[in-house]
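For the protein sequence lines, the chains are A and B, in the order given. If you want my numbering, it's the 1-based position in the first sequence plus 4. If you want my numbering, it's the 1-based position in the second sequence plus 13.
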Amino acid sequence: MAAKILEKRQLSENVFKMVLEGERIARKRKAGQFVVLRIHEEGERIPLTIADADPEKGTVTIIFQVVGKSTAHLSDLNPGDTLLDLVGPLGKPTHIEKVGTVACIGGGVGIAPVYPITQAMKHAGNHIISIIGARSKDLIIMEDEMKAVSDEFVVATDDGSYGFKGFVSQALEEKYLMQGRKIDMVVAIGPVPMMRAVCDTTKKYNVPTVVSLNSIMVDATGMCGACRVSVGGKTRFVCVDGPEFDGHQVDFRQLIDRQRIYLQEEKESYDHYCSCRLGKGGN
Amino acid sequence: MDMKERLAIPRQPMPEQDPKVRARNFDEVPLGYTPETAKTEALRCIQCKNPACVEGCPVQVDIPGFIAKIVEGDFIGAARHIKKTNALPAVCGRVCPQEIQCEQRCVRGKKGDPVAIGRLERFVADYERASGDVAIPEKPAPTGKRVAVVGSGPSGLTVAGDLVQLGHEVTIFEALHKPGGVLVYGIPEFRLPKAIVAAEVEYLERLGVKIQTSFVIGKTATVDELFEYGYDAVYLGTGAGLPTFMNIPGENLNGVYSANEYLTRSNLMKAYKFPEYDTPIVKGKNVAVIGGGNVAMDSVRTAMRLGADHVYLIYRRSRAEMPARIEEIHHAEEEGIEFHLLTNPVRYIGDDKGWVVGVECLKMELGEPDESGRRRPVPVKGSEFVIDVDTVVVAIGAGANPLVQSTTPGLETNKWNYIVADEETGQTSREGVFAGGDIVTGAATVILAMGAGRKAARAMHEYLMSKK
Ligand SMILES: Cc1cc2nc3c(=O)[nH]c(=O)nc-3n(C[C@H](O)[C@H](O)[C@H](O)COP(=O)(O)OP(=O)(O)OC[C@H]3O[C@@H](n4cnc5c(N)ncnc54)[C@H](O)[C@@H]3O)c2cc1C
Ligand code: SF4
Ligand code: FES
């Protein structure tokens with residue numbers, strides 16, 4: 005189904021937010037699920053987490069970082085433009101339950117997918133500690149939204165330009181776990197090295213940790229296996245068995261390798277797009 | 014022409030692209046009969062009173078009937094004649110295993126070669142399409158009943174076409190962004206041009222079938238929600254789209270694909286046209302494909318066309334047991350595919366960046382027959398050897414995608430999670446829910462999926478008309 009772009013906002017240098025028309029998806033979606041979109045006939049199928057949705061207005065919000073050709077192209081589109089296809093909601097919803105204290109950790113553009121989960125966890129009656137981080141202050145997104153659904157809130161930047169200086173995993177350890185604070189569950193979403201660092205930390209303190217994996221996908225309905233990853237020694241399909249898994253069981257090394265399969269092609273495609281864009285006199 | 018002369022005509026060869034040239038392009042391999050060769054071939058049919066060929070056809074196409082029209086030069090009439098029983102002749106003429114169906118039974122095959130029924134079927138269907146003279150039957154009186162068809166493979170397309178012509182309002186829900194099922198995502202362009210599938214789909218749309226792509230039943234809406242939306246009956250034709258892996262070490266290395274992924278990237282996403290199309294595919298220099306069916310043949314031939322230097326087909330039994338169509342095995346050989354028969358992979362070897370660099374195999378020998386009647390391959394001790402590869406495609410079969418089954422309470426499935434449905438009617442354990450094609454039988458053929466659709470359409474019509 006085609007979907008119109010209703011709003012667009014730039015959240016940081018490379019991160020954009022878009023509100024899309026998607027009535028059915030908006031009504032059905034639950035925290036943790038994603039959509040797949042295709043911009044045009046030659047386009048690839050792009051999976052993106054649903055950052056928010058408004059069932060009344062029938063809209064779906066996506067937040068994405070420009071990392072290659074397809075996301076660059078997406079960021080060049082504007083309200084009024086139409087995406088060729090939008091399908092969802094895909095993946096298993098997050099298991100939402102009252103467990104006590106939940107630390108919701110988002111790194112970089114990973115703050116976007118952690119937001120709806122934080123919201124749902126808060127709604128279920130949990131005490132929420134949010135820790136969001138990025139390389140520097142200007143890359144922190146959704147600070148107000150996250151604050152609004154948190155009981156305690158920490159910002160961390162690698163360079164110390166804002167809040168805690170260091171990684172989110174360090175903030176979690178130094179500010180909470182080392183202090184003996186009891187945390188019943190951690191949800192961590194962000195770049196793979198960040199999720200791995202959080203998991204290494206929480207393993208030491210025996211805190212159950214859920215991560216959301218962004219592996220390469222094609223159909224995103226369980227048909228191809230492009231998204232497969234080892235969890236606890238078993239092969240799982242991220243698109244239908246996930247995207248969330250027990251972080252202590254995930255083979256992050258394999259995930260990192262598999263995310264790099266098309267590194268060269270992605271660069272080629274991006275360069276191709278940039279030269280076309282220049283050729284067309286675009287900006 | 015008298016009978017003796019007719020019997021003397023040799024089977025007309027199919028003109029094909031030269032193997033050396035075609036192994037590097039994605040254009041269709043067989044070029045098709047001309048009207049003259051079609052007429053000549055049609056004359057070989059002796060118009061049997063009790064035609065054995067028809068019995069060999071899963072949907073009982075009136076084969077001598079359409080061939081007689083070719084002899085008369087009425088090619089469009091011939092196409093329409095087939096369409097009374099087979100809605101997709103341009104597809105079936107290309108991909109049906111005629112050598113084990115109609116052509117295997119043809120009396121002419123007892124002494125010499127059978128009539129080239131598949132090629133004739135393909136010819137008339139192409140002729141009709143090219144002429145633009147595709148008949149749209151008159152709109153039937155609406156029954157006021159609404160039917161949801163899940164999946165747009167050959168099975169779903171057949172059901173939709175039949176039911177819309179009986180006056181029902183039909184909507185197809187398809188998970189992917191393009192309708193056609195395996196015909197668009199699995200079978201490559203060089204064997205089944207996508208324009209043909211698109212023309213068939215367009216024809217259905219002209220009949221009034223609505224198609225909702227990018228709509229996943231079990232996610233976007235469940236079967237029960239379809240009934241809530243006001244559909245009176247549902248047909249499940251979701252296919253056998255779950256990839257199977259062997260669960261041997263190294264299968265998740267970079268460069269190891271399921272056939273579904275490899276073919277979907279190339280066919281549906283047009284990765285062979287990268288970077289014009291955005292979806293990439295690994296263009297391996299040394300590619301190994303594991304398996305011996307049609308899917309394996311499509312994969313080896315795709316790998317060759319993507320520019321490989323060596324493409325190896327690794328199959329654990331011998332050539333005689335290969336389930337692929339003989340024509341496709343033959344085509345693959347002509348295109349330079351290297352066959353490693355009686356060979357089974359035991360593990361994949363990776364480098365320090367997680368990329369596959371080799372496949373370790375065992376030699377096999379044939380032992381006692383197994384349940385399927387084929388001799389069981391048994392490993393030869395100490396016969397391990399390694400083939401250097403940078404890409405592997407695992408094409409050892411497919412299973413049932415559980416999305417619909419797991420979200421439809423009361424829908425009975427068997428131990429492999431295929432949907433249980435009556436063979437004659439497609440009726441499932443749920444009222445108003447019918448099923449057919451690969452999701453019931455397991456991976457089979459286009460024509461069987463269509464046949465199941467046809468039978469189910471009949472039963473669904475009865476069900477709809479008897480329901481208040
Ligand atoms: C590579 C390959 C080559 C083949 N070659 C041949 C050949 O030469 N000759 C031959 O006769 N047969 C061949 N086959 C087998 C043949 O294609 C299948 O038997 C046939 O397509 C089955 O038809 P179907 O309608 O049951 O399902 P499919 O064609 O599999 O179609 C099912 C459709 O349902 C959709 N779907 C699934 N789940 C959902 C859901 N939850 N919601 C919405 N939509 C859904 C899928 O996306 C798909 O489009 C081949 C198969 C493959 C994979
Ligand atoms: S069996 Fe052969 S010769 Fe007889 S009707 Fe069929 S195609 Fe013609
Ligand atoms: S993306 Fe194809 S199975 Fe997950």
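We put the CB at the ideal spot given by N, CA and C, even for glycine.
Measuring straight from C-alpha to C-alpha, what distance separates residue i and residue j?
i	j	result
glycine 380 of chain B	cysteine 374 of chain B	18 Å
serine 273 of chain A	serine 279 of chain A	10 Å
valine 215 of chain A	proline 195 of chain A	10 Å
lysine 96 of chain A	valine 369 of chain B	31 Å
glutamate 177 of chain A	phenylalanine 171 of chain A	10 Å
proline 390 of chain B	lysine 376 of chain B	9 Å
methionine 182 of chain A	threonine 184 of chain B	59 Å
phenylalanine 39 of chain B	alanine 316 of chain B	11 Å
alanine 152 of chain A	glycine 47 of chain A	37 Å
alanine 30 of chain A	valine 235 of chain A	30 Å
isoleucine 200 of chain B	lysine 207 of chain B	9 Å
alanine 472 of chain B	glycine 180 of chain B	15 Å
leucine 56 of chain B	arginine 329 of chain B	42 Å
glycine 250 of chain B	glycine 243 of chain B	20 Å
isoleucine 145 of chain A	isoleucine 67 of chain A	10 Å
glycine 167 of chain A	lysine 12 of chain A	28 Å
serine 3 of chain A	aspartate 58 of chain A	Within the shown structure, residues of chain A are numbered from 5 to 287, placing residue 3 of chain A beyond reach of any answer.
glutamate 112 of chain B	glutamate 264 of chain B	35 Å
glycine 72 of chain A	lysine 271 of chain A	7 Å
cysteine 109 of chain B	glutamine 418 of chain B	29 Å
valine 229 of chain B	serine 168 of chain B	17 Å
Less than 8 Å between the CB atoms is what I'm expecting for residue i and residue j, so what's the real figure, rounded?
i	j	result
isoleucine 83 of chain B	valine 137 of chain B	7 Å
alanine 36 of chain B	arginine 318 of chain B	7 Å
glutamate 213 of chain B	leucine 276 of chain B	Between leucine 276 of chain B and glutamate 213 of chain B the Cβ distance is about 20 Å, and since that is not below 8 Å, they are no contact.
leucine 205 of chain B	arginine 107 of chain B	5 Å
glycine 449 of chain B	alanine 465 of chain B	3 Å
alanine 456 of chain B	alanine 253 of chain B	4 Å
leucine 10 of chain A	glutamate 27 of chain A	That belief does not hold up - the Cβ atoms of leucine 10 of chain A and glutamate 27 of chain A are roughly 12 Å apart, past 8 Å.
glycine 251 of chain A	threonine 205 of chain A	Going by Cβ atoms, the distance from glycine 251 of chain A to threonine 205 of chain A rounds to 10 Å, so no, they are not a contact pair.
valine 40 of chain A	isoleucine 54 of chain A	Not quite, the Cβ-Cβ distance comes to about 11 Å (not below 8 Å), so this is no contact.
serine 165 of chain B	isoleucine 224 of chain B	7 Å
glycine 297 of chain B	glycine 268 of chain B	7 Å
leucine 411 of chain B	threonine 257 of chain B	In the sequence under discussion, the amino acid at residue 411 of chain B is alanine, which differs from the leucine named in the question. That pair is a contact at about 6 Å.
alanine 568 of chain B	leucine 477 of chain B	The structure shown does not extend to residue 568 of chain B, since chain B spans only 14 to 481, so no value can be given for it.
Nearest CA to the CA of residue i: which residue from the options?
i	options	result
glutamine 73 of chain B	B:Pro422, B:Glu274, B:Lys468	B:Lys468
glycine 111 of chain A	A:Cys243, A:Val244, A:Ser134	A:Ser134
arginine 159 of chain B	B:Gly45, B:Pro32, B:Val172	B:Val172
valine 236 of chain B	B:Ile89, B:Val163, B:Leu355, B:Gly395	B:Val163
aspartate 80 of chain A	A:Lys32, A:Val70, A:Phe38	A:Val70
aspartate 291 of chain B	A:Asp58, A:Lys238, A:Val222	A:Val222
arginine 264 of chain A	B:Arg360, B:Arg219, B:Val295, B:Gln30	B:Val295
glutamine 25 of chain B	B:Asp126, B:Cys105, B:Phe186	B:Asp126
methionine 198 of chain A	A:Pro120, A:Ile115, A:Ala76	A:Ile115
valine 23 of chain A	A:His44, A:Val190, A:Met189, A:Leu78	A:Leu78
serine 144 of chain B	B:His344, B:Ala92, B:Glu384, B:Arg387	B:Ala92
Is residue i buried or exposed, if buried means 16 or more other CB atoms sit within 10 Å of its CB?
i	result
methionine 5 of chain A	buried
leucine 143 of chain A	buried
alanine 462 of chain B	buried
leucine 20 of chain B	exposed
alanine 210 of chain A	The sequence as given places asparagine at residue 210 of chain A; alanine does not occur at that position. With fewer than 16 other Cβ atoms within 10 Å, it is exposed.
isoleucine 22 of chain B	exposed
Proximal residues, the region 227-249 of chain B versus chain A, C-beta separation under 8 Å: Ser227, Phe228, Val229, Lys232, Thr233, Ala234
Cβ-based contacts, 8 Å cut-off: residues of the region 60-92 of chain A near chain B: Lys73, Ser74, Leu88, Asp89, Leu90, Val91, Gly92
Contact set between the region 371-402 of chain B and chain A, restricted to residues whose Cβ is under 9 Å from the partner: none
Contacting positions in the region 273-288 of chain B - beta carbon closer than 7 Å to chain A: Asn273, Glu274, Thr277, Arg278, Met282, Phe287, Pro288
Contact residues within the region 217-239 of chain A, judged by C-beta distance below 8 Å to chain B: Val222, Asp223, Thr225, Gly226, Met227, Cys228, Gly229, Ala230, Arg232, Val233, Ser234, Thr239
Members of the region 445-478 of chain B near chain A, C-beta cut-off 8 Å: none
Residues within the region 251-262 of chain B neighbouring chain A, beta-carbon criterion of under 8 Å: Gly254, Leu255, Pro256, Phe258, Asn260
Contact list for the region 258-273 of chain A against chain B, Cβ threshold 9 Å: Gln258, Ile260, Asp261, Arg262, Arg264, Ile265, Tyr266, Gln268, Glu269, Glu270, Glu272, Ser273
Short-range partners of chain A found in the region 185-219 of chain B, where Cβ spacing is below 7 Å: Ala188, Leu189, His190
Near-chain B residues of the region 44-58 of chain A (beta-carbon distance less than 8 Å), N- to C-terminal order: Glu46, Gly47, Glu48, Arg49
Residues of the region 22-34 of chain A with Cβ closer than 9 Å to any Cβ of chain B, in chain order: Arg28, Ile29, Lys32
Contact list for the region 412-443 of chain B against chain A, Cβ threshold 9 Å: Asn414, Pro415, Leu416
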